[in-house]
Every structure is written in C-alpha cells, then in structure tokens.
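Beneath this line is the structure, given in structure tokens, with notes to follow.
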Amino acid sequence: MSKLLTRRYIDQIKVMFGKEPAKPTEISPAAQKIHFYKKNNRDEIAELKHQRAHEKPSHKWRNRRWATLILANLLFVASYWLDIQVLEGALTASRFVGFHMADLNSALQVMLAHKHIITNLLIGTGTVLMLWALLGGRTFCSWVCPYHLLAEWAEKAHLYLAKKKLVTDQPIDRRLRTVFWIVFALLAVLTGYTVFESISPTGILSRALIYGAGLSVLWVAALLVFEIFFSRRAWCRYACPIGLTYGVVGILSPVRIKYTLEGCFHEGDCRKVCLVPHVLDTVIKGRAIEPEVPLGPDCTRCGLCVDACPTGSLSYDVKGLSRLL
Amino acid sequence: MSETKKPPAAPAASAKGSVPVSRERQRQGRRKTLRTLLLTGGVLGAGLSGYLPLVYARTSRLRPPGALDEKAFLQSCIKCGQCVQVCPVDAIKLADLVDGFGVGTPYIDARAQACDFSCDAVQCVLACPTGSLTYHKPAFLPVREGAALPQKPTLIAKMNDPEPTLNLTERMGVARLARPESCLAMRGEGFKGQARGAGFEGRMRYAAVDRWNPIRVADHPYDLPLCDLCMRECPIAGAISLEKFTGADGKVRARPVVHENCVGCGVCEMICPTEAASITIVPREVWQS
C-alpha cells in the first residue's frame with residue numbers, strides 16, 4: 001500500500017469512530033492524471049454514460065448475501081428443531097460441530113461484567129476473532145446479523161415513504177456509536193450486568209428465531225419503526241456497538257471492497273444504496289487519491305455498491321490474492 | 001441565536017471555526033443534536049430499564065443446576081440457550097423482557113417441567129460456554145451459608161452404577177411443604193390415576209420403565225393407598241421422607257419431610273397431584289437447620 005493510501009486508511013479508522021470524511025490534501029500523480037483526463041473529456045464521458053443509460057442494476061451480491069444470512073440463521077434453527085447439532089446455541093454463543101464460538105461483543109460484555117474468563121469462552125472468542133479478522137470484520141453485520149436483513153426491508157419501506165414525501169431521513173451524529181460503545185462497556189464494568197445484551201436486537205432476534213419470540217421482539221419492532229419513519233438505518237449507523245467491535249476487528253482484514261477510479265462516472269448510485277456512505281467518500285469526483293482505493297473498515301462488505309455500480313468500478317477484493325493468482 | 005454561535009453537532013463546520021455558518025445550517029445542526037440526544041436517551045433508557053425488574057425483585061427464578069449465585073449468574077450468562085438445547089426433558093426455558101437484565105437467561109418452571117436429572121451428567125452444565133452453570137465455581141465467588149450440599153447428591157436411578165453421584169456442589173433451591181393443609185399424605189388420603197391429569201405434558205424418567213427415555217407423567221398412572229408421590233419420585237437419595245403419624249381421628253397420615261440432601265430440582269413440585277402444589281421449591285433458598 002502506498003504511503004498516501006496508508007494515511008487515508010488511518011483516517012478511515014477515525015471516520016469509523018465518527019469523524020466526518022474530509023477532502024484529500026494530496027493526490028498521487030497517477031490518480032491526478034485520471035482526474036484531469038475526465039475533466040477534459042466530458043463529451044466522451046457523456047457518450048459513454050448515454051450508451052449504458054438503461055442498464056439494469058444487478059442483485060447478484062445481494063441475493064448471495066441474503067441466502068447466506070438466511071442459511072446461517074436457519075442452521076441455528078434447524079440444529080435445535082431437527083436436532084442435527086451442526087450449529088448449537090444462538091448468535092451470542094454457539095458450538096459449530098462441537099467447536100466453541102462466541103460473539104465478540106457479547107463475550108466482551110460478559111468478560112467486563114463478570115471479570116472472570118473461562119477457557120471455553122476464550123476459545124470461542126479467539127475462534128470468532130480469527131474468523132472475522134479474515135473475512136472482513138463488519139462482514140458479520142451484513143452477511144450474518146438477522147437484524148440487518150429486517151433493517152434492509154425497513155429501509156425499503158423508508159425509501160418508499162421518502163419518495164412519496166411522507167417522511168424524510170433525519171441524520172444523527174455518527175460519533176454516537178462510539179459513545180454507546182464506551183458507555184455500554186463502562187456500564188458492564190460498573191453495574192456488573194451485561195446491560196447491552198438485554199437490548200441487543202441481534203441477540204433478541206437470534207433467540208426469537210431459535211427458541212420462539214417473546215415480548216422482547218417489541219423492542220426490535222420499535223427500532224424498525226424508528227428507522228422507517230424517522231431515521232434511515234439508525235440502529236446500524238448510529239447506535240450498534242456490535243458493528244463497531246467488528247469494524248475494529250476488520251481493520252487489517254484482507255477482504256474489502258476496492259474502488260477503481262478509471263471507469264467511474266461519479267454518479268453516486270453506490271452512495272445512495274450504502275449503509276455507511278462515509279466509506280464511499282472516495283468515489284466523489286476529484287477525491288480518489290490513487291487509481292485504486294480500498295474502502296475503510298466501517299464498510300460491511302455487503303456488496304450493494306458492487307451491484308449498483310454501472311461501470312464495475314467497485315469490486316470485491318482479497319488483499320494479496322490477486323498477486324498470488 | 002447569535003450569528004457567531006457554532007452548531008454543536010456539525011463537526012465539519014465547527015472544525016473550521018472561522019467559517020461563518022448560515023442560519024439554516026445552524027438550525028440543522030441543533031436539530032441533529034436533538035435527534036442524537038433523543039436516540040441516546042431512548043437506547044440508554046431501554047437498556048437501563050432492565051434494572052427495574054431487579055429492583056422490584058419481581059422475579060425469583062429457579063435456575064438450572066450448577067448456576068452461580070443470581071448476581072454472578074446474570075453477569076456471566078451470554079444468553080445463548082445451549083443449556084436449553086441439551087435438556088432431554090425440555091425443562092429449561094429462556095426468560096423474556098419482564099426479567100430485565102435477565103432477558104434470554106435460562107430458568108426452570110418446576111411445576112410445568114422439573115429437572116429430573118434424566119440426563120445423568122447434568123448436560124446443561126457441560127454445555128454452558130461461559131461458566132454460568134458450572135461444577136467448578138471460581139475461587140473468588142463465595143459459597144452462601146447453607147447453599148453447599150452435604151455431599152455429592154446420589155441419583156437413585158444410578159444407584160447401581162459405579163459412579164452414582166452428580167458433581168453438583170450447591171443446591172438450586174430447597175423443597176418446602178408450602179400447603180400442608182392440602183397435602184394428600186397429611187390428610188391421610190391415597191391417590192389413584194394420572195398425577196397431573198391426562199392433559200399434562202410434563203415428562204420424567206421412570207427408571208423401572210425405561211432407564212434412558214423419559215416418558216409423559218400422564219402415561220404413568222398411580223394407585224396408592226396413601227399418597228407418597230413426592231418421596232416416591234424424588235430423584236435424589238435421602239432428600240425427602242414421609243413420617244407417618246396417627247391423627248386425632250385415628251387415621252394414618254404422613255408428613256413429607258425435606259432433608260439436607262435436597263438439591264431443589266423441583267420433581268416433587270411437578271408430581272404433586274394437588275392444585276396448587278402442596279410442596280414447592282423455593283428457588284435459591286439455602287438449607288437452614
């Protein structure tokens with residue numbers, strides 16, 4: 001990675017914690033050349049745009065992701081109900097064919113509250129840490145978390161209502177998520193209760209699917225209503241400490257979305273579908289600092305932008321793999 | 001409202017303090033701050049409302065065997081339900097919203113389905129990934145006076161095995177004759193039929209019927225001249241006995257007496273044929289001699 005990209009990546013970590021992305025102060029000569037080319041050849045670009053004006057957006061990655069998410073959660077359900085014993089437990093902690101797995105945020109809450117760690121919990125946490133460090137941290141959010149799927153559907157409802165001018169998205173300060181992370185960690189230490197676990201929609205939904213729904217799904221419903229009528233994707237964007245935990249885990253992950261400057265027309269379709277558009281600031285005209293820019297750690301690797309991009313400028317990338325092949 | 005006042009929650013604008021901010025931007029900034037506070041209040045309020053059920057102590061749950069003391073139990077339980085999955089009689093359920101911080105934690109409703117130890121090895125303890133249910137309580141956690149069992153409990157169903165005991169060191173609770181006036185044995189009455197009626201779904205292991213598979217209590221009718229169901233079905237050796245006595249009317253009666261061996265599993269409460277149960281478990285209770 002070039003020095004510029006390293007600097008940007010460090011800045012993207014700050015962006016994950018709530019900083020607003022800023023315009024780059026320095027752009028590499030290679031990227032500069034492409035920016036200038038685009039500026040000076042507007043007619044050619046207009047023609048290219050015209051050529052693929054009616055291209056339909058694909059749903060390839062979304063479908064794959066939904067299938068994975070539903071399958072993962074069904075595996076939990078089937079393991080219990082059909083007694084196939086492949087993935088026993090719930091998303092907070094489980095056993096995959098006997099191997100311990102523990103959700104990183106839940107495990108952290110328990111460790112902070114109980115202040116005593118037994119071997120099994122350590123093994124489970126370590127396994128999951130390695131898994132998501134390899135697969136991309138917040139990949140957990142979009143590919144596994146059941147709340148994410150419901151929130152995506154709520155988002156569709158929100159966007160429909162917004163189109164009808166019945167609601168408008170009310171943005172909230174992104175630094176709040178970091179505040180929540182610290183507050184819930186402190187609450188666990190000070191009160192000795194895993195306070196966040198009692199309101200975690202991920203845990204509540206996972207248990208509701210496996211063991212049957214109770215009153216606690218009302219809290220999840222309330223969050224979804226808030227997101228539909230008030231603030232788009234509010235929980236995942238501004239509140240959920242689980243997302244931040246996995247985001248940090250994914251900082252050095254080899255799996256990420258890569259942006260290629262050359263073919264991009266800077267139309268911004270990707271930013272419209274993105275849960276975390278601040279990681280896509282690099283696609284804004286004139287902002288890319290290199291011809292190829294990997295997205296920051298707050299990216300959930302959901303692939304909506306890959307599907308939405310009409311020019312193929314966004315793609316999945318595994319660091320080192322392309323060099324290897 | 002002054003022009004120079006910076007919007008508190010517009011970091012991009014406030015970072016460049018010298019740039020004048022339009023009235024509209026200011027208003028947007030203030031609104032964003034308000035919304036941020038609203039979400040903060042909502043989420044923290046919801047989170048901390050979990051305290052209420054604890055403060056009012058509305059719920060005193062019978063926890064699965066090997067559970068740490070309540071506070072430590074709530075601290076350490078990761079709410080995954082693996083204990084629920086391994087229980088052969090489905091005795092363990094997960095608590096709901098009304099339990100506050102206890103939402104998603106396992107408990108046993110002994111009257112509906114008690115823990116009868118038909119798994120022999122206390123599978124739920126083995127399944128627990130965080131040590132909330134454990135054989136080996138960490139040293140820094142104290143053992144409450146009277147919570148410790150006098151010795152490892154002996155399972156009657158395992159009497160003839162080389163290792164007939166369970167590894168439990170502390171009790172879940174203690175059985176108590178809560179309604180002596182309705183107890184059939186105390187009234188000198190027998191019992192004939194299904195202990196909890198034909199519709200009762202609860203299951204239990206009857207070692208004489210099938211050592212390994214629990215059957216429905218409803219499928220195992222009784223015919224007893226003097227009711228002794230609590231003692232008869234207690235899975236633990238030496239936990240309940242019946243003391244016979246003759247009443248003023250000359251009728252032979254019996255009093256169920258709970259001994260220190262009682263682990264508080266709840267089988268007596270489940271099997272008791274009177275409505276409501278004459279003998280019940282006091283969850284988390286310690287032995288008082």
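Protein chains in written order, with full-length UniProt numbering: chain L, 1 to 325; chain V, 1 to 289. All C-beta atoms, glycine included, are put in the ideal place defined by N, C-alpha and C. Treat the numbers as computed from the prediction; the structure is a model and nothing was measured.
Just to make sure I have the definition right: I need the residues of chain L whose C-beta is within less than 8 Å of the C-beta of residue i. Which are they?
{"i": "Leu97 (chain V)", "result": "Gly214, Leu215, Ser216, Leu218 and Trp219"}
{"i": "Ile236 (chain V)", "result": "Those within 8 Å of Ile236 (chain V) in chain L number zero; the least Cβ separation is about 27 Å."}
{"i": "Leu168 (chain V)", "result": "Near Leu168 (chain V) there are no residues of chain L at all, since even the closest Cβ is about 18 Å away, more than 8 Å."}
{"i": "Ala72 (chain V)", "result": "His114"}
{"i": "Gln113 (chain V)", "result": "Near Gln113 (chain V) there are no residues of chain L at all, since even the closest Cβ is about 15 Å away, more than 8 Å."}
{"i": "Gly50 (chain V)", "result": "Tyr193, Val195, Ser198 and Ile199"}
Can you list, in chain order, the residues of its chain with a C-beta nearer than 6 Å to that of residue i? Leave out the 5 residues immediately preceding and following it.
{"i": "His148 (chain L)", "result": "Cys141 and Ser142"}
{"i": "Thr92 (chain L)", "result": "Asp103, Ser106 and Gly203"}
{"i": "Gly268 (chain L)", "result": "none"}
{"i": "residue 327 (chain L)", "result": "Given that chain L is displayed from residue 1 to residue 325, the structure contains no residue 327 (chain L) and the question cannot be resolved."}
{"i": "Met204 (chain V)", "result": "Asp116, Pro214 and Val217"}
What does residue i reach in chain V if we use C-beta pairs closer than 7 Å?
{"i": "Thr92 (chain L)", "result": "Ile78, Lys79 and Cys80"}
{"i": "Gln170 (chain L)", "result": "Arg35"}
{"i": "Glu88 (chain L)", "result": "Gln82 and Gln85"}
{"i": "Ser106 (chain L)", "result": "Ile78"}
{"i": "Gly203 (chain L)", "result": "Lys79 and Gly104"}
Taking only beta-carbon positions, decide if residue i is within less than 7 Å of chain A.
{"i": "Tyr246 (chain L)", "result": "The structure shown contains no chain A; its protein chains are L and V."}
Could you name the residues of the same chain whose beta carbon sits closer than 7 Å to that of residue i, not counting the 5 residues immediately before and after it, in chain order?
{"i": "Cys236 (chain L)", "result": "Cys141, His148, Ala151, Gly243 and Leu275"}
{"i": "Leu97 (chain V)", "result": "Val103"}
{"i": "Arg111 (chain V)", "result": "Glu269, Met270 and Ala277"}
{"i": "Glu243 (chain V)", "result": "Ala254, Arg255 and Val257"}
{"i": "Leu223 (chain L)", "result": "Pro201 and Trp235"}
Among the residues of its own chain, which have a CB less than 8 Å from the CB of residue i, if the five just before and after it don't count?
{"i": "Phe200 (chain V)", "result": "Gln194, Arg216, Val217 and Ala218"}
{"i": "Val217 (chain L)", "result": "Ile204, Leu205 and Ala208"}
{"i": "Gln288 (chain V)", "result": "Gly146"}
{"i": "Glu292 (chain L)", "result": "Lys258, Tyr259, Thr260 and Leu261"}
{"i": "Gly214 (chain L)", "result": "Ala208"}
{"i": "Glu55 (chain L)", "result": "Pro310"}
{"i": "Ala95 (chain V)", "result": "Thr59, Arg61, Gly102, Val103, Gly104, Thr105, Pro106 and Tyr107"}
Cβ closer than 9 Å: which chain L residues qualify as neighbours of residue i?
{"i": "Gly264 (chain V)", "result": "The premise fails here: Gly264 (chain V) is roughly 23 Å from chain L at the closest Cβ pair, so nothing lies under 9 Å."}
{"i": "Phe101 (chain V)", "result": "Thr191, Tyr193, Thr194, Val195, Glu197 and Ser198"}
{"i": "Gly66 (chain V)", "result": "The premise fails here: Gly66 (chain V) is roughly 13 Å from chain L at the closest Cβ pair, so nothing lies under 9 Å."}
{"i": "Gly247 (chain V)", "result": "None at all; the shortest Cβ gap to chain L is about 47 Å."}
Once DSSP output is grouped into helix, strand and coil, what is the label at residue i?
{"i": "Thr165 (chain V)", "result": "strand"}
{"i": "Met204 (chain V)", "result": "strand"}
{"i": "Pro273 (chain V)", "result": "coil"}
{"i": "His158 (chain L)", "result": "helix"}
{"i": "Gly243 (chain L)", "result": "helix"}
{"i": "Leu295 (chain L)", "result": "coil"}
{"i": "Ser315 (chain L)", "result": "strand"}
{"i": "Leu155 (chain V)", "result": "strand"}
{"i": "Ala31 (chain L)", "result": "helix"}
{"i": "Val276 (chain L)", "result": "coil"}
{"i": "Lys56 (chain L)", "result": "coil"}
{"i": "Tyr135 (chain V)", "result": "coil"}
{"i": "Phe76 (chain L)", "result": "helix"}
{"i": "Pro310 (chain L)", "result": "coil"}
{"i": "Ser94 (chain L)", "result": "strand"}
{"i": "residue 331 (chain L)", "result": "This structure does not reach residue 331 (chain L), given that chain L is present from 1 up to 325, and the question cannot be answered."}
{"i": "Asp219 (chain V)", "result": "helix"}
{"i": "Val257 (chain V)", "result": "strand"}
Interface residues of chain V around residue i at Cβ under 9 Å?
{"i": "Phe196 (chain L)", "result": "Gly47"}
{"i": "Tyr80 (chain L)", "result": "Gly81, Val84 and Gln85"}
Assuming residue i and residue j are in contact, meaning their beta carbons sit under 8 Å apart, how far apart are those beta carbons, in whole angstroms?
{"i": "Pro64 (chain V)", "j": "Leu133 (chain V)", "result": "6 Å"}
{"i": "Ile172 (chain L)", "j": "Val43 (chain V)", "result": "That belief does not hold up - the Cβ atoms of Ile172 (chain L) and Val43 (chain V) are roughly 11 Å apart, past 8 Å."}
{"i": "Arg62 (chain L)", "j": "Cys299 (chain L)", "result": "That belief does not hold up - the Cβ atoms of Arg62 (chain L) and Cys299 (chain L) are roughly 15 Å apart, past 8 Å."}
{"i": "Arg256 (chain L)", "j": "Gly136 (chain L)", "result": "6 Å"}
{"i": "Val263 (chain V)", "j": "Ile236 (chain V)", "result": "6 Å"}
{"i": "Thr119 (chain L)", "j": "Phe99 (chain L)", "result": "Going by Cβ atoms, the distance from Thr119 (chain L) to Phe99 (chain L) rounds to 13 Å, so no, they are not a contact pair."}
{"i": "Ile289 (chain L)", "j": "Leu4 (chain L)", "result": "5 Å"}
{"i": "Cys240 (chain L)", "j": "Val273 (chain L)", "result": "Actually they do not touch by this definition, with Cβ atoms about 19 Å apart."}
Please list the partners that residue i has in chain L, where partner means a Cβ-to-Cβ separation under 7 Å.
{"i": "Val21 (chain V)", "result": "Chain L residues near Val21 (chain V): none, gap ~15 Å exceeds 7 Å."}
{"i": "Leu94 (chain V)", "result": "Arg207 and Tyr211"}
{"i": "residue 292 (chain V)", "result": "Nothing can be reported for residue 292 (chain V): it is not among the residues displayed for chain V, which extend from 1 to 289."}
{"i": "Lys32 (chain V)", "result": "Pro171, Ile172 and Asp173"}
{"i": "Leu39 (chain V)", "result": "Ile172, Leu176, Ala234, Tyr238 and Ala239"}
Chain V partners of residue i, CB-CB under 8 Å?
{"i": "Val183 (chain L)", "result": "Leu44"}
{"i": "Val110 (chain L)", "result": "Gln75, Ser76, Cys77, Ile78 and Thr130"}
{"i": "Ser231 (chain L)", "result": "Arg35 and Leu39"}
Inset, instruction - Pull out every residue of the segment 233-257 of chain L whose Cβ sits closer than 8 Å to any Cβ of chain V, in chain order. - result: Ala234, Tyr238 and Ala239
Legend entry - Residues from the segment 119-138 of chain L in contact with chain V, defined by Cβ distance under 7 Å: Asn120, Leu121 and Gly124
Inset, instruction - Can you give me, in chain order, the residues of the segment 173-194 of chain V that have a beta carbon less than 9 Å from any beta carbon in chain L? - result: none
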